[in-house]
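What the sequence shown shows, in this note's numbering, is residues -12 to 194, in sequence order. Where is the CB? At the ideal position from N, CA and C, for every residue including glycine. Everything numeric in this text was worked out from a predicted model, so none of it was measured. Let me begin by presenting the structure, written as structure tokens, before commenting on it.
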Amino acid sequence: MPRPLRADAQANYERLLEVAARTFAREGADTSLKAVAAEAGVGIGTLYRRFPTREDLIEATYRNETTRLCESASRLLDDHSPADALRAWMEAFVDYMLTKQGMADALPAILATREGLRLHSREVLHGAVAVLLTSGIAAGDFRADASAPDVLMALGGITLISGHEHQRDLASRLITLLLDGLVARRTSPSGARKSRQGQRTSLPAAP
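See the structure below:
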């Protein structure tokens, strides 16, 4: 079991991952590691002690961003309604995917060679969405057949369509449409049919 880092070393570690996420999103996986270290306020030697290879830094950044996103689901529910919490989480997911796209050239090989990484990411993302959906279904806000895999697949499509910073507004508009599709119907289908039938019978006869 690895020894816990000293407080200052832990702070350096977290700052490096934070800066790496921003830099990879902005400049891609081939960005200068010396520039990452400089922006984080540490020497390049400190970076290499924590992350001996570029691939190690990319993997750690990917894991960290995935963990941060997934852990935010429960916190969002503490302060927001299920619908508002899910919207905020979806917006954060799009930003997370922009970071992943910055590492796109390197990630496939890393996901293929680092055992369990792909499966772990999928499981924690599904779990985070399930927490948000379960809360909304229990409150009667979301339709009962809403599922985490479907929502994640739809979100993935949104990021493919609008996965660039200059199209960020488009992603938000598409998230609104997705949320509208998750809203629970307040009238049962049979009630809606009766209502429509009543409207038809009240129409005046054609001359």
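CA-to-CA distance, residue j to residue i, given in whole angstroms
i, j, result
"Pro136", "Leu112", "9 Å"
"Leu64", "Ala12", "27 Å"
"Ala(-4)", "Ile31", "14 Å"
"Thr53", "Trp76", "12 Å"
"Leu165", "Ala158", "10 Å"
"Val138", "Arg41", "32 Å"
"Arg62", "Leu120", "14 Å"
"Arg172", "Ala93", "44 Å"
"Glu58", "Ala72", "13 Å"
"Pro39", "Gly127", "50 Å"
Neighbour-count burial assignment, residue i, 16 or more Cβ in a 10 Å radius
i, result
"Arg180", "Confidence at Arg180 is low in this model, with a pLDDT of 48, below 50, so its placement is unreliable and the value that follows should be read with caution. It counts as exposed."
"Ile148", "exposed"
"Gly89", "buried"
"Val116", "buried"
"Lys87", "buried"
"Leu44", "buried"
"Thr48", "buried"
"Val6", "buried"
"Glu46", "buried"
"Val118", "buried"
"Val170", "exposed"
"Leu106", "exposed"
Close beta carbons around residue i, own chain, < 6 Å, minus the five adjacent residues each side
i, result
"Glu1", "none"
"Leu85", "Ala12"
"Thr10", "Thr18 and Val23"
"Glu26", "Val6"
Alpha helix (DSSP H) segment containing residue i, residue limits
i, result
"Ala125", "Leu104 to Ala125"
"Pro69", "Pro69 to Gly89"
"Phe11", "Ala(-6) to Glu14"
Cutoff 7 Å; reference residue i; Cβ partners in own chain excluding five residues on either side
i, result
"Ser122", "Leu64 and Pro69"
"Leu209", "Coverage of the chain is limited to positions -12 through 194, which leaves residue 209 absent and any answer about it impossible."
Check: residue i C-beta below 8 Å from any heavy atom of the ligand PLP
i, result
"Leu119", "The ligand PLP is absent from the structure shown, which contains no ligands of any kind."
Reduced DSSP secondary structure (H/G/I, E/B, other) of residue i
i, result
"Ala93", "coil"
"Val138", "helix"
Sequence-distant residues of the same chain with beta carbon closer than 8 Å to residue i, five excluded per side
i, result
"Ala8", "Thr48, Asn51, Glu52 and Thr86"
"Ala(-2)", "none"
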